[in-house]
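Quick notes on the structure that follows.
In this note's numbering, the protein residues as written are 662 to 856.
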């Protein structure tokens, strides 16, 4: 099922934040392996800047602020700041995962709503078509069949057959009246000739 573009953007933005969280945690782990290497600290700082530039959820600034305040001391080996930094990174990841789950649910709801909208529209179109066909039959097809039957009867010698104007529109009734009058005049002329 294709997601709405806005939901796709939300998921992409949250993926950026999740990747930044993974890089920050990896940088902390690499630093513990080799405390003299400055690359993990730089990697962490870049990932943090990316997370700061990609705030999409209301709760993210608090978590990012905790990370920003504690990460330098965490790299210096201060245990409490390391714990606070890791907790804040995990919280940032959780915020973004929950946002992605909400976006996925919204996409599914939109998909279901769209499917029901299609069913509703198809039903309306079907019913409209049925009403149109009934109206077409009553107002066009049946009157044409009536006119055809009267003309065929007249050709076959039935000079008394006339159009029945029951249950028709005003316009069709007028056509029937005109045809009936024409047949009456023709019948009257033939009657006068015979006399």
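Note that beta-carbon positions come from the ideal geometry of N, C-alpha and C, so glycine has one too. As the structure is a computational prediction, the values presented were derived from the model and not from experiment.
In the DSSP assignment, residue 739 falls outside any alpha helix (DSSP H), carrying neither H nor E. Contact check for residue 713 against residue 725 passes: the beta carbons are separated by less than 7 Å. Residue 830 has its alpha-carbon roughly 23 Å from the corresponding atom of residue 814. Between residue 715 and residue 677 a beta carbon distance of about 5 Å is seen, short of the 8 Å cut, so the two are scored as contacting.
When DSSP states are grouped into helix, strand and coil, residue 777 belongs to the helix group. Bounds of the alpha helix (DSSP H) holding residue 702 are 700 to 714.
Relative to residue 838, the option among 718, 697, 811, 690 whose CA is nearest is 811.
Counting only the Cα atoms, residue 790 lies some 56 Å from residue 681. Residue 732 is positioned such that its CB atom lies no closer than 7 Å to that of residue 692. No Cβ-Cβ contact shorter than 7 Å links residue 708 with residue 673. Residue state for residue 682 is assigned as helix, using DSSP reduced to three classes. Residue 824 places its beta carbon less than 7 Å from that of residue 807. Fully enclosed beta strand (DSSP E) runs of no fewer than 3 residues are not present anywhere in the stretch 748 to 773. Rounded to the nearest whole angstrom, the C-alpha separation of residue 845 and residue 797 is 29 Å. If you check the CB distance, residue 695 and residue 757 do not come in under 7 Å. By a beta-carbon distance limit of 8 Å, residue 753 does not contact residue 703. Their separation comes to about 19 Å.
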